[in-house]
Each structure stands twice: as structure tokens, then as C-alpha cells.
Amino acid sequence: MANKYLASIAVGLYSILIIVPLWLALDRLVWVAGYDVTEWLSSLDKNFISQGVLEFTILQALLSTVATLALGIPIAWQLGRYHWPFQSLIRSLLTMPFVMPSIVAAMGFMHIIGENGLDIRTNRDTWFLTLIIAHSWFNLSLVIRFCEPVLSTLEPSMEEQLRLLPGGKTKWDRFRHLWAPLLIPSVAAAACMTFVFSFTSFALVRWITLGENTLESMMASIGSSSGIKGYMVSKNEIILGSSLIQFTILLFSLWLMSWLQHRRQTLLPTASEKVVKKKNALGWIFVIPALLFAVLPLIALAISSFRITESSANGTKKYWGTDGWEYAFTSTASLPSAWDALYNSVGYAIITLLIAVPLGWILAQSIRDLEQFRPKLARTLDLFTMLPFAVSSVMIGLGVMLGMIRINAEFFYSMWLTPVLAHVMITTPFVVRIILPALRSLDPSYDECAQTLGLSPFKRFFLIKIPMLRGSIIVASIFTLAISMGEFGASWVVTRNSDWTTLPIMVDSIRSIPYNNSLTAPAANAVSTVLMIIALILFVSTEKFRAKRDGGMF
Amino acid sequence: MLKCRDLSKSFEKILFNDFNLDLEPGEIIAITGPSGCGKTTLLRCICGLENLSQGNIFLNDVEISNMPAENRGIGLIFQKPVLYPHLNVEGNLRLASKEGDSDISNALIEVNLNGFESRKVETLSGGEAQRVALARALLASPEVLLLDEPFSSLDEELSGKLAKEVRDLLKKRNCPAILVTHNKTIAKSFADRVIALE
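Taken in order, these protein sequences are the chains called S and X. Residue numbers for the first sequence follow the numbering used here, so the first one is 4 and each next one is one higher. Residue numbers for the second sequence follow the numbering used here, so the first one is 1232 and each next one is one higher.
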């Protein structure tokens, strides 16, 4: 059992890190905007900044969800039901987009539809479709991760028995009576997550659309002028109204997903993947386009970092070169070098790791211990640790920013470590979600047996628990590093008024330089390529240590 | 040596009530009873993995009722052998070893698994895994060894053979033991004394 004092300290620290900034931010916004909730909500429709934003946010999230399911389910079926050569490589490639920083995805799609690609970005219908496709690309792996394990490990006798019954004679019958009911919880859970991610998408919306806003991007853009008494009060109302709507929708989606996942866990008798899978030559028709879809934006991104387009009075000149890379890695009067951004990103990621992993682990262990003795308290703590999932990264960023203003703006803006606070808030719940299932699946007899062998709690921790949870700890650590390195929304809000930058923020900053500089696009793509390579290395490492494909989101 | 006085345990129902036992040095006792009668829980209470509702346990005249399991000096062999998959056979035995390599080799020889040091635990058969668990439990030099139906997952021939080997080993070491089982035949052949738990 986790030391109760340690658990109390962890819960206290977590509360300070998560609740206090959000509370201070809320308090600040309410101080400016007043307590009238109906005024907050109605301000969304009254103000030209926010008119139509909610409708657009919901519409694009719904369409993105439908498109992701339409693409993902056939691919998950092919991967789950049939045997493929290089199975693990195919699976890794198809699930890779999810771990890519959103700014990398945005730059990849920008290149495909931009002037060096299909050159169709300026058309309104095109960018909307591109946004939906980009969200599908990003979330495709969720459908695969949720559905494929159900398909690949279901005990074959379940289907064999049905084939011998009148209700399962045809493939359609079997789909209707067996596969559909089994898949619905996983599909619905994947849909919930896709909706959440599309609803709170920021980098893709910011760069792919031509100025259109979602709730998330709108809050990010107007957040910097909020929290000042008597100044642009309506912006504070808009942020409060948007936050309230976003929080409610995200909380409901996450609750629904949690409930569906719980339902799914109790249903399925499983067998070895090898027993279940057959060969299917025709399946390549699905798998090859899917693989191309998954890797194309990334390949395009890397190639485009070497493609330079110079426009002058004499016309346009295009050539290949490393000028974009040199531009990115050399500091200028207006921009620091990418080396500085890399240094900051790595530093923030390591410090985030050092705080979030121990904190998340102690919280997970506390929940696990409480589950055995005080299940209601365990459930409360479990929900408490999931709270940041219902708060988008921009909302977290605003929380940190406005929280800083309340405490000591000058001090926090000048402190290099400030973005770490946002990163810890974002990553700790992921650590809990990765380690808690591992703790739950750890057979208690391992610890009991060690007790009967006379091993002290200290020895049991280091000789039994850590080695047995090694895979989950490594996955949680790599995940923390990857999220922190690629984090965009919160960092964008927090670092706007400061001197430091991170790799994703630098991509955004370079790309924001007006177009008459021919090196901005290749330089932004060069920094994105660095981020992509880091994410790829971390992702490959994670795959190696993932103990089993349990259908979870990680 | 081991004295159990008025032991009681109840969850939603009473599992055992006013249970008394005296185990002498070198003695082997078997406790039999139907499934669900509380045999396993009794062993878990004696070794300290679970708390008693009431009663007292003495080992060599020292009360151990409230002592943590790791400090009681009582070993337990689980029904399904618990071997740590991140360690090989030698690593598993090292968890209980006080003297080092020769100690481990000798323990494996005693359970007829000579040369198994580097084997991965997932490659062991059910009988081999149970022997490794036994060797490890004995390496810890427990004052008393508890056995929770360790032969029940093996086939009849193997369980009879292993039961005889374990009994001989315990007698050779003069290690007192309590076996719980629902198999009365094994209980009679294994133990010096059989107690029925209703």
C-alpha cells in the first residue's frame, strides 16, 4: 500500500498544480465579467468575434468523427481479422499520426494543399474538406487502437458456433448478431475521443482554415487581452461562455467513453491473435492506400523543407537546397535559433517527466490501494485525476497565464520554467491512465508471495514492483516526453508574452512571418521535421515496450 | 512451536470460528474441507496476508498476530505457483537466498531441477514451476511452511509423486508444515495428522 502521507502529498500537490491555476483564472475572469452565466453564454451570439463559432466547432467535429470512423473501421477490420506480413510495422505506421505533434500535421497538410503541392488551399470548400481529412488522419489510429484488439483476439469459437446456428448462416447475419454488438462500444468510444480531439483542435484549425475559428482557437486568440478590469469585458464573457460549453461537452464525452470502455471490458472471451487470423490477399486494396494516407503528409513535410520558392519581379524560381534549415537554425533579430527552441523543448520535457511520472504514479497507486478498501473514495480520486482531460490545452494555458497574472505576473513571465506547469497539468493525467491499468492487472499474489519470502516493502518495490511495471513506466515516460515536446495550445498561450520558445511555437512563429520571405515555409517545415523525427523515435520506443494491445487509447 | 488460539474470520459469513491448532517441530499437518470452507483464508491469516477477526497466533511463544507478513518467518506456497516472469529461475530463487550461488544450486538439486538456473519461468511445466516455488520457499528457511493445495493443478500421478517428494524434503529438513487440500487421499499420505474443517 502506498504510504498514506506520500499519497496525501501527491493529492495536495496535484490539487495545487491543477486546481489552483484554473481557479485563479476563473476567479479573475469572473471578477472582470461578473457572475451572470446567461450573459456569458449569450455573449457568444452577440459578439462578431464569436458569432457562428460554436456551430462551426460542433459541425467540423461531428463531420471529422464520421469521416474518421468511415476510414478507420474498414482498416481496423483488415488489420484485426487477417494476417499480414510485417504486421507490427503496418500497425505502427497506421497508428503513428496520433503521436505526431498537431503542428507537424498542420504543416504536412499545408504543404499538400499549398502552392508547392496541389495548390488548392485558397478555395473555401477545399480547406474545410482538408480540415476534416486532417482530423481523420490524426485520429485514425484511435479507431484502430480501440477496434483492432476486439477483432484480432476474439475467441474463434464465438463465430464458429454462430455459423452452425440458423441466425448466423451468412456473413451479414454474423456481422449483425456478433460483430456489430461487439464492436459498437469500441467504435463509440473511439468516436467520443475523435470528437473530443476534433472539438479542441487548435494547430490544424489555426493553419488549415483561412481565419475560421473554433471555440479553442478563438479562446487562444482573444485570451491575451482578457483578465483586465474594465478592458474588453465582452472577451472575458466569451471566454467564460466558451469554457463552460467546452467543459460540459468534453466532460460528457469523456464520461460516455469511460462508460463504454467499462461495458466493453466485461463482454469478450479472448484467444491468441495467432489462432484468430487468416490470410486475405484482397485486403491490400485497403491497407496500401491507408499506409500512403498515414505517411504522405510526413514525407511531404520532410521533402518540402528542402524546396524553396523565390518570387521576384522577374518571376518565380524554385530550387532544392538546405537554406530553410540554415535559416531555422540561425538566430535573427526577430527569431531565436531552432537550437534555442530545441534546448527549451528538451529541458521542459525532461523537467515535466521528472514531475509528472512520479506524481502520476503515486496518484495511480493511491487509487489502486483505495479501490480495495474505500472504493467510493477511489472513484472520486480517479475522476479528479481525469479532470484535466475535460479542460482543453488552450484552457489550461489560459489558466496558467491568468493564474500568473493573479499571483505575480512579472515574476512568472520572466521564469523559464513557467510552461512546465502547463505541461505537467496536461501530462500527469496520461501517466495515471497508463500506470493505473498496469497496477490493476498486476496479480496481488506477486507481492503477497514476496512478503512470505521475507522481503521488506523497500525491496518489494525495487525488486518486484518496478521491474514488473517497467513497460508501463517506460511508456508513460516516453508519452510524457512526446506530449511535452509537441505541446502547442497551452504553450502558445503561455509563451506569447515571454522570451522563450519551444519547437512547436517556433514552427508557428516562423510560418507567421509574411510570405515575401521565401525561406519561411521551408524553415518552418525543417523545424517540423525535427519534431517529427523526435516523435517518431519516441513512438518506436513506445511500441517496443507496450506490454499488450489492450484496446486502450495508449 | 506454532500455536493458533481461538482464530475466527468472517467476511459476509463466518469462515472459521474458534479454530485452535498446535504444530510441533517437524510435524506436518493437513487441513481438509470442502471448497469455500475457509482453508485458504486460514493459511493467509496465519502467514499474515490477511487480518484475523479475532484470535491469537504464537510462533515459538512470541505473538505474531499483528506482525507484518514479511517479518513472521512463515513461508507460503500458493495453489498456482507464483514465479516472477521478469526473472529467470535463478533470479526467482535469489529473492529468498541468504548465502548466494551454491545455496541456489543446492536448492535446485534438492527439488530435482539441477541445471535449471538460467531457464525462463514461462518455459517451465506446471510441476517444474511448483518445484521452483518450493525450492524458493525453503531457501528462505521459514520456521513453518504453509502449502495451499499446491498439487491440485497437477495430474493425479504427478501430484502423488510430487507430494511424496515434498514430504520427504520437509522431513529431511525437519521443517514443520501445514497443507490445506480438499483431497483426502493426498492429505493422509502427506501429513502426520489430518484435521477436517467443516
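Built from N, CA and C at the ideal position, the CB exists for glycine as well. Please read these numbers as outputs of a predicted model, since none were measured by experiment.
Have a look at the DSSP bridge pairing and note the partners of residue i.
i	result
Val1411/X	Ile1262/X and Asp1379/X
Gln1285/X	Ser1239/X
Ile1245/X	Ser1241/X
Asp1253/X	Lys1234/X
Phe1293/X	In the sequence as displayed, the identity of residue 1293/X is Val instead of Phe. In DSSP, Val1293/X forms a bridge with Leu1290/X.
Glu42/S	Its beta-bridge partners do not exist; DSSP assigns none.
Trp323/S	Arg310/S
Gly318/S	Ser315/S
Arg1424/X	Ile1260/X
Do you know offhand how far residue i's Cα is from residue j's?
i	j	result
Gln539/S	Ser334/S	Just to set this straight, residue 539/S is Leu in the shown sequence, not Gln. Between Leu539/S and Ser334/S, the C-alpha separation is close to 26 Å.
Phe542/S	Thr355/S	18 Å
Lys1395/X	Ile365/S	46 Å
Met103/S	Gly1322/X	40 Å
Lys1385/X	Leu472/S	Lys is not the amino acid found at residue 1385/X; the sequence shown has Leu there. Spanning the two alpha carbons is a distance of roughly 30 Å.
Ile1245/X	Gly1264/X	15 Å
Arg371/S	Ser448/S	15 Å
Gln454/S	Glu374/S	21 Å
Trp503/S	Gln54/S	33 Å
Leu1410/X	Leu96/S	54 Å
Phe149/S	Leu390/S	22 Å
Leu424/S	Ser204/S	21 Å
Asp128/S	Ala109/S	17 Å
Arg377/S	Ala194/S	33 Å
Ala79/S	Glu151/S	5 Å
Val23/S	Gly406/S	8 Å
Arg499/S	Gln63/S	27 Å
Phe200/S	Met221/S	16 Å
Ser11/S	Arg463/S	22 Å
Leu1280/X	Ile437/S	28 Å
Val40/S	Gly244/S	7 Å
Counting contacts by CB-CB distance shorter than 8 Å, is residue i in contact with chain X?
i	result
Gln375/S	no
Ala344/S	no
Pro470/S	yes
Ser220/S	no
Cys195/S	no
Ile477/S	no
Leu456/S	yes
Tyr8/S	no
Tyr449/S	yes
Ser459/S	yes
Leu466/S	yes
Ala441/S	no
Cys150/S	no
Ala524/S	no
Asp553/S	Here the model assigns Asp553/S a pLDDT of 43, short of 50, so the residue's position is not dependable, and the following value carries that caveat. It does not; no Cβ of chain X falls within 8 Å.
Can you find a C-beta in chain S that's less than 8 Å from the C-beta of residue i?
i	result
Asn1251/X	no
Leu1233/X	no
Ile1335/X	no
Val1313/X	yes
Ile1305/X	yes
Phe1382/X	no
Cys1278/X	yes
Ala1366/X	no
Ala1300/X	yes
Ala1360/X	no
Leu1339/X	no
Phe1309/X	yes
His1413/X	no
Ala1431/X	Here chain X covers residues 1232 to 1429 and nothing more, so residue 1431/X does not appear.
Ala1371/X	yes
Phe1247/X	no
Rounded to the nearest angstrom, how far is the Cβ of residue i from that of residue j, given a contact under 8 Å?
i	j	result
Val1363/X	Pro1407/X	With a Cβ gap of about 22 Å, Val1363/X and Pro1407/X do not count as contacting.
Ile248/S	Leu218/S	7 Å
Glu313/S	Lys320/S	5 Å
Arg31/S	Ile408/S	7 Å
Leu534/S	Gly492/S	Actually they do not touch by this definition, with Cβ atoms about 15 Å apart.
* Asked: Can you list, in chain order, the stretches of the beta strand (DSSP E) that have 3 or more residues and sit fully within the stretch 1288-1363 of chain X?
  -> 1305-1308
* Entirely within the stretch 465-548 of chain S and at least 3 residues each: give me those beta strand (DSSP E) ranges in chain order. => none
* Asked: At which residue ranges does the stretch 200-238 of chain S contain complete alpha helix (DSSP H) runs of 4 or more residues, listed in the order of the chain?
  -> 206-211 and 218-226
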